[in-house]
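First comes the structure, then the notes that go with it.
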Amino acid sequence: RRRRSGKEDGNTAQHKAEMFRNQYDTDVTTWSPQGRIHQVEYAMEAVKQGSACVGARSKTHAVMAALKRSTNDMSSYQKKIFKVDDHMGISISGLTADARSLCKYMRTECLQHKYVYESAVPVQRLVVNVADKCQGCTQSASGRPFGVGLLVAGVDQTGPHIYYNCPSGNYYEYKAMTIGARSQAAKTYMEKHYNSFEDCDLQALVKHCLTSLKETSQNGDINAKNTSVSIVGIGHDFKTFDGEDVQQYIDLMDKDEIAEAAPAAMQE
């Protein structure tokens, strides 16, 4: 009887833990006893479920690469990189609909700044505005946090930049960053090579981004259909490469792999 009683007590405790957890994740304004806001954590989890995006910068350029998904064989691939202004763009992981809403907000801010000051908005200023907008959604029970993470690549008077905007309202600047599903593999690659990014030329930087992106692919395959690349830099307006346009960079990466494999085969 005592053994049964102990087992029942354990089940009751587990049931209570689940019950109390559900009490604290019903809206975004309720704190859990552990000091957590579960709705914000769920939004951050949505970013981890999206397909991977990577970004890196050198002294002259900021490059992003993204892996696109399609719902089935008959559908097109979903857009992952959006142009915000001539000097800035975003790559997204998470809910695409939320990303479109934030992208529209960013474009409006750029237009307003250009109209008032007759100059392009500094990258960090716009990133802070987006972070403030995301943070505001974590304090109102009438809404929900944005379920999308943004990699922002831009260039201004201080040079190229890569920022990450989190659904929690936090933002960070990086030399190189990856977000999305299986992004840890790409992050490991970036951590090994980021010290060389500062002095990289454009082609080498794109190659690093595509190589790290390849690490996140389930079957290790990236091609012109499922890959997007964007480039922005000093004297180089933001431009996105899709389809046949991105094939030139994938071919460049494949040539290097063949060149590296040849000496290894000769040694064997």
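Quick note, the sequence shown lines up with residues 1025 to 1292 if you use my numbering.
Each residue gets a CB set at the ideal place from its N, CA and C atoms; glycine is no exception.
- Counting only unbroken stretches of 3 or more residues, the beta strand (DSSP E) elements lying wholly within the region 1054-1126 are 1077-1081, 1085-1091, 1105-1109, 1112-1118, in sequence order.
- Per DSSP, reduced to three states, the secondary structure at residue 1219 is helical.
- A residue is called buried once 16 or more other Cβ atoms fall within 10 Å of its Cβ, and residue 1251 is buried on that count.
- Shortest Cα-Cα distance from residue 1113 to any of 1089, 1136, 1100 involves 1089.
- Residue environment: residue 1091 is assigned as buried (16 or more neighbouring CB atoms within 10 Å of its CB, all protein chains considered).
- The C-beta distance from residue 1174 to residue 1079 rounds to 10 Å, too long to fall under 8 Å, and the pair is not in contact.
- Nearest C-alpha to residue 1081 among 1217, 1205, 1271, 1199: 1199.
- In the three-state reduction of the DSSP assignment, residue 1244 falls in the coil class, being assigned neither a helical nor a strand state.
- Contact annotation, residue 1101 with residue 1238: C-beta distance approximately 17 Å; criterion of less than 8 Å not satisfied.
- Per the coordinates, the alpha-carbon of residue 1162 lies some 43 Å from the alpha-carbon of residue 1272.
- Residue pairing for residue 1265: DSSP places it in a beta bridge opposite 1253.
- The region 1176-1189 and the region 1146-1154 touch, with three or more beta-carbon pairs separated by less than 8 Å.
- Here residue 1225 carries a coil assignment [DSSP, helix/strand/coil].
- By the Cβ test, the region 1154-1168 is in contact with the region 1181-1190, since at least three Cβ pairs between them sit closer than 8 Å.
- Distance from residue 1254 to residue 1264 at the Cβ level is roughly 5 Å; contact confirmed, criterion being Cβ atoms closer than 8 Å.
- Under DSSP, residue 1188 shares a beta bridge with 1175, 1196.
- Scanning the region 1129-1182 for uninterrupted beta strand (DSSP E) segments of 3 residues or longer gives 1172-1180, listed from N- to C-terminal end.
- In terms of Cβ geometry, residue 1058 and residue 1049 do not form a close pair [threshold 8 Å].
- Minimum Cα-Cα distance from residue 1122 among the listed residues 1132, 1067, 1139 corresponds to 1067.
- Looking only at 1234, 1097, 1118, 1197, the smallest Cα-Cα distance to residue 1070 is reached by 1118.
- One alpha carbon belongs to residue 1083, the other to residue 1227, and they sit about 13 Å apart.
- Taking 8 Å as the cut-off, the Cβ atoms of residue 1105 and residue 1172 do not count as close.
- Straight through space, the alpha carbons of residue 1194 and residue 1168 are spaced by roughly 16 Å.
- Residue pairing by DSSP puts residue 1260 in a beta bridge opposite 1257.
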